[in-house]
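Everything on this sheet refers to the single structure shown next.
In the numbering used here, the protein residues as written are 179 to 632.
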């Protein structure tokens, strides 16, 4: 072991990080914490500490608790040292009490519990439950009668829902008063699963929905919401929603205008409702976004050039996608509309049409930490890396195709992109071959840890 640590100490940070990223996080922490200051610093990086699965998984994917030796070291030495970095924990039920009582977890947002017996779950979650589920059908199983006393349920799903298995339970849920559903993936189960589930919540007082929906012919608008959901909830006092519908019509249809959609909300008096329509004729797709304002979610997906002129101060993660180019003025609007954005993902293969028109304003992203440009045209990589167009903070991880950034930086010599490149702290490069020579790039990204992938 000592010989291995000596060998690791001889490696540069970026090479060591590349090796350690291929190892299970808890093994990195268990092996390196407490060895020396340098390995402590590397092991405490958020890459290894923000998500911990403190369970043993077998080859058949069954879950068992950690051994006492490993558990003792984590509880006595490791968790108190990294507790403020942890955002997600997966725990086995027999060890969860000890781990959760070891220290405080101020930034914990997700908790996965395995081998949790039904009686234990029922005793833990009697009236209020905030839960992260695999997919939408798990929500139906959760509400099959085992948690009949719940008055507050907040559900966040983490995977696509591909199954069309429908649970036939139609029993009402009279005790449920507050329900939130955040489903961040396209689903075609809105009519067959989500609507029937909501219709069971007859005494609901507060409803929050974040949905991305795929349908054949009709979008979700105010008429649809009132007919299929609100008319079943006579006690409802607060309704917040962000719903994006994509329809893929079999035949040519009359495209609804923004005014047509907005008029369907004329009876919604308690909130300002904002709506807009995006037409993608080359993809045979029509998109429609409807949401209540002020906007309460931390994510805003699939932003197009039709983004309304509003402020979204709570949003910290956004994705930009369109079949029309994003010009510099659009990015000025984005930085103003989302002043606290931390993660930005862009997908657009269309070149800018006005890139040389000389708008002198610089876009500033004060809190940006993640920038994903893997599926972006070169013009948008240039937009973010040119210092006269964009001012990046000193906190950014950039994900990009190697050949694209090589072109845009003129083989890592271009002066107008060097300032922003020197601010990057991590650079994730994707390339089809192994011809990336890291030594040729280090001078251009002096602060960045550089990672390669294919």
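The beta carbon of each residue, even a glycine, is placed where N, CA and C say it ideally should be.
None of the values given here were measured: they were computed from a predicted structure.
Since residue i and residue j should fall inside the 8 Å C-beta cutoff, what is the C-beta to C-beta distance between them, to a whole number of angstroms?
i: residue 277; j: residue 269; result: 6 Å
i: residue 265; j: residue 228; result: 5 Å
i: residue 602; j: residue 623; result: 6 Å
i: residue 388; j: residue 360; result: 4 Å
i: residue 241; j: residue 233; result: 5 Å
i: residue 598; j: residue 570; result: 5 Å
i: residue 364; j: residue 468; result: Not confirmed; about 16 Å, so no contact.
i: residue 545; j: residue 567; result: Actually they do not touch by this definition, with Cβ atoms about 19 Å apart.
i: residue 380; j: residue 350; result: 5 Å
i: residue 525; j: residue 390; result: The pair is not a contact, with the Cβ atoms about 15 Å apart (cut-off 8 Å).
i: residue 203; j: residue 230; result: 6 Å
i: residue 506; j: residue 523; result: Between residue 523 and residue 506 the Cβ distance is about 19 Å, and since that is not below 8 Å, they are no contact.
i: residue 577; j: residue 587; result: Not a contact, Cβ separation roughly 16 Å.
i: residue 625; j: residue 600; result: 7 Å
Excluding the five sequence neighbours on either side, which residues of its own chain have a C-beta within less than 6 Å of the C-beta of residue i, listed in chain order?
i: residue 180; result: With a pLDDT of only 44 at residue 180, under the threshold of 50, the placement of this residue in the model should not be trusted; the figure read from the coordinates follows. No residues qualify anywhere along the chain.
i: residue 330; result: 306 and 356
i: residue 195; result: 627
i: residue 465; result: 424 and 456
i: residue 616; result: 628
i: residue 582; result: 556 and 559
i: residue 322; result: 347
i: residue 283; result: 261 and 264
i: residue 531; result: 503
i: residue 631; result: 608
Just how far apart, CA to CA, sit residue i and residue j?
i: residue 438; j: residue 486; result: 16 Å
i: residue 503; j: residue 385; result: 36 Å
i: residue 367; j: residue 311; result: 16 Å
i: residue 474; j: residue 418; result: 8 Å
i: residue 358; j: residue 494; result: 19 Å
i: residue 446; j: residue 401; result: 10 Å
i: residue 382; j: residue 420; result: 18 Å
i: residue 427; j: residue 458; result: 12 Å
i: residue 564; j: residue 377; result: 52 Å
i: residue 483; j: residue 433; result: 18 Å
i: residue 369; j: residue 619; result: 52 Å
i: residue 422; j: residue 476; result: 15 Å
i: residue 541; j: residue 411; result: 45 Å
i: residue 575; j: residue 256; result: 26 Å
i: residue 206; j: residue 221; result: 6 Å
i: residue 199; j: residue 190; result: 14 Å
i: residue 533; j: residue 547; result: 25 Å
i: residue 315; j: residue 292; result: 18 Å
i: residue 514; j: residue 508; result: 10 Å
i: residue 405; j: residue 208; result: 56 Å
i: residue 604; j: residue 518; result: 20 Å
i: residue 213; j: residue 254; result: 15 Å
i: residue 362; j: residue 500; result: 18 Å
i: residue 472; j: residue 372; result: 24 Å
i: residue 497; j: residue 543; result: 15 Å
i: residue 470; j: residue 238; result: 45 Å
Is any heavy atom in the ligand SAH found nearer than 6 Å to the beta carbon of residue i?
i: residue 186; result: With respect to small molecules bound, the structure shown includes none, and the ligand SAH cannot be examined in it.
List the residues that DSSP assigns as beta-bridge partners of residue i.
i: residue 306; result: 330
i: residue 356; result: 330 and 384
i: residue 270; result: 292
i: residue 631; result: 608
i: residue 523; result: 497 and 550
i: residue 418; result: 386
i: residue 480; result: According to DSSP, residue 480 bridges with nothing at all.
i: residue 569; result: 542
i: residue 577; result: 550 and 606
i: residue 469; result: 420 and 452
i: residue 241; result: 235
i: residue 364; result: 390
i: residue 464; result: 425 and 457
Can you list, in chain order, the residues of its chain whose CB lies under 7 Å from that of residue i, leaving out five sequence neighbours each side?
i: residue 294; result: 271
i: residue 224; result: 263
i: residue 585; result: 556
i: residue 281; result: 257, 258 and 261
i: residue 510; result: 539 and 541
i: residue 580; result: 607, 608, 609 and 614
i: residue 353; result: 326, 327, 328 and 329
i: residue 561; result: 506, 509, 567 and 568
Any Cβ of chain B within less than 7 Å of the Cβ of residue i?
i: residue 285; result: Of the protein chains in the structure, only one exists, and it is not chain B.
Once the 5 residues before and after residue i are set aside, which same chain residues still bring their CB inside 8 Å of it?
i: residue 621; result: 590
i: residue 395; result: 425, 427, 428 and 431
i: residue 216; result: 187
i: residue 317; result: 311, 333, 335, 359 and 375
i: residue 285; result: 262, 263, 264 and 265
i: residue 274; result: 291
message = Within 8 Å, do at least three Cβ pairs link the region 446-457 to the region 489-497?
response = no
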